[in-house]
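Asks: First, the structure itself, so that you have it in front of you.
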Amino acid sequence: MKVKLWGVRGSIPTTGPDTEKYGGNTSCASVAYEDNLLVLDGGTGIRRCGSAYPSSRRIDILLTHLHLDHIQGLGFFSPLFDPSKEIHIWGPASSSQSLFSRISRYLSPPLFPVLLRDVPCKLELHEVSNSAFDIGPFRIQSAYIIHPGPTVGYRIMQENFVFTYIPDHEPALGSHGMIQNPKWVSGYDLAEGADILLHDAQYTQEEYPTRRGWGHSSINDAGLFASITAAKHTLFAHHDPSHSDAFLEEMLASFKSSSDISASLATEGFEIDLS
Amino acid sequence: MASHEIEIILNRQLADCLSIPVFITDTIGNLIFYNEPAEELLGKRFEDTGEMPVEEWSTIFKPLDNNGDPMPPEKLPLVKTLSKQYPYHKSFHIESLKGKKEAISVTSYPIVSRSGNFLGAVAIFWKQKLK
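Read top to bottom, the protein sequences are chains X and S.
The first sequence begins at 0 in numbering that gives the first Met the number 0 and counts up one residue at a time.
The second sequence begins at 0 in numbering that gives the first Met the number 0 and counts up one residue at a time.
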């Protein structure tokens, strides 16, 4: 399966010369195997993804949650407007409102001109929680994780390969940080032994204390999570909009000076073939 | 290893921040976490004991009513929460294995997940002054 990153910026699209290298589009990744296509999150990165797989008749969009930086690009995903396409949107169940109702709050006037119910593709919505399900050749596991509002992470398995996608996650929330026992680590089951783990690393260790409870991780906590889960390689993602390319590289260098885990910065356009 | 659901993890993280004794159990009453103030009541450290089966931790202190008579388990808030999945509150006395008596109030509530699943219960012990 081929994994490609279309957006790795957190919170808000951030374009400009300072963010050119790692990219300014918000969360989106694709996982493709032959004509089977999964799209993870609908941040602004999804727009370019929309035209990259013309032969996929069915596309499954797996949303981790409905914060704006994860759905802002949905209305600009061209296959939604193609009657020949079958689009399935999967997202976390809430205890109060349906997934359709919650997505429609954004994809409806006055925020967006087209109603979700009026998009021309064949559209189907699915709610997930702590779930396991199959889409084509992919075995998928979803689980609620620590982030404000209903939020899941995804573990995607195809043959023997595992890609874990947890772009927004604060497993260290608590007075003593992360409890270093796998039974007590949010998201552990999703990431255990993953070949590639994409994980939230929005803040520096110094920034994190003033942003505790906002739902994101410091690069050090992301590294600790990767270490506990024994992920083989970690992509640090959800880059803070205020962090330039140079700053991100300083963050990584500082992290690597005290850690020997295999990790790199998630980069828009990065592609890897797990086969 | 299967991890606890986040509703349980978040309850532990909250308990860790509180200065009142908090006990967290699974759906059948096995003690899966207790915080530092609860360690004082139990006379044990979570770091040492880890999780404790219901048969073990339920014998560490004996609940007594206002007359000093033993209370049946089904009258205890936590036991009621585990069986009915509702919150309960009651004041009574406890006697430790060393014979020390304390007047306490217990508030218990069920942990029901976002998906509506019953995951366990929390019991908060409020110490009172003996009359």
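Ideal placement from N, C-alpha and C gives every residue a C-beta, glycine not left out.
Since we're looking at a predicted model, the values are computed, not measured.
(1) What alpha helix (DSSP H) runs, 4 residues minimum, are completely inside the stretch 60-113 of chain X?
(2) What does Ile5 (chain S) reach in chain X if we use C-beta pairs closer than 7 Å?
(3) Restricting to Cα atoms, I'd like to know which of X:Ser241, X:Ser261, X:Tyr143 is closest to Ser94 (chain X).
(4) Taking 9 Å as the cut-off, decide whether the C-beta atoms of Phe22 (chain S) and Glu50 (chain S) are in contact.
(5) In chain order, which beta strand (DSSP E) runs of at least 3 residues are fully inside the stretch 0-61 of chain S?
(6) Note down the Cα distance separating Ser57 (chain S) from Lys121 (chain X), rounded to an integer number of angstroms.
(7) In three-state DSSP terms, what is Ala245 (chain X)?
(8) Can you give the Cα-Cα distance for Gln140 (chain X) and Arg113 (chain S), rounded to whole angstroms?
(9) By the DSSP assignment, the alpha helix (DSSP H) with Tyr285 (chain X) in it spans what residues?
(10) Using only the alpha-carbon positions, how far apart do Ala343 (chain X) and Phe132 (chain X) sit?
(11) Looking only at its own chain, which residues have a Cβ that is under 7 Å from the Cβ of Ala225 (chain X), when we skip the five neighbours before and after it?
(12) Taking Val127 (chain X) as the reference, give the member of X:Phe75, X:Leu115, X:Ser97 with the closest Cα.
(13) What first and last residue would you give for the beta strand (DSSP E) that runs through Cys120 (chain X)?
(14) Return the chain-ordered list of same chain residues with a C-beta closer than 7 Å to the C-beta of Leu264 (chain X), the five sequence neighbours on each side being excluded.
(15) Counting only beta-carbon separations shorter than 9 Å, does Ile8 (chain S) have a partner in chain X?
(16) Between which two residues does the beta strand (DSSP E) containing Ala200 (chain X) stretch?
(17) Apart from the five residues just before and just after Ala229 (chain X), which ones in its own chain have a Cβ nearer than 6 Å to its Cβ?
(18) Since Asp25 (chain S) meets chain X, which of its residues come closer than 8 Å, beta carbon to beta carbon?
(19) Does the beta carbon of Lys130 (chain S) come closer than 9 Å to any beta carbon on chain X?
(20) Between the alpha carbons of Leu129 (chain S) and Leu223 (chain X), how many angstroms are there, rounded?
(21) Using only CA atoms, which one of X:Gly23, X:Gly15, X:Asp272 lies nearest to Asp239 (chain X)?
(22) According to DSSP, simplified to helix, strand and coil, what is Phe224 (chain X)?
Replies: Short version:
(1) 98-103
(2) Tyr143, Ile144, Ile145, Ser185
(3) X:Tyr143
(4) no
(5) 21-24, 30-33
(6) 57 Å
(7) helix
(8) 17 Å
(9) No statement about residue 285 (chain X) is possible, as the shown extent of chain X runs from 0 to 274 and does not include it.
(10) In the structure as shown, chain X begins at 0 and stops at 274. Residue 343 (chain X) is therefore absent and cannot be evaluated.
(11) Leu196, His198, Thr233, Ile260, Ala262
(12) X:Ser97
(13) From DSSP, Cys120 (chain X) is part of no beta strand (DSSP E); its letter is neither H nor E.
(14) Tyr21, Phe235, Leu247, Leu251
(15) yes
(16) No beta strand (DSSP E) holds Ala200 (chain X); DSSP gives it neither H nor E.
(17) Gly192
(18) Correct list: empty, because the minimum Cβ distance to chain X is about 12 Å.
(19) Note that Lys130 (chain S) has pLDDT 49, beneath the 50 cutoff, so the model's placement of it is unreliable and the number below is only indicative. With 9 Å as the cut-off, Lys130 (chain S) does not count as an interface residue toward chain X.
(20) Bear in mind that a pLDDT of 49 at Leu129 (chain S), under 50, signals an unreliable position, so the number given afterwards is only what the model happens to contain. Roughly 47 Å separates the two Cα atoms.
(21) X:Gly23
(22) helix
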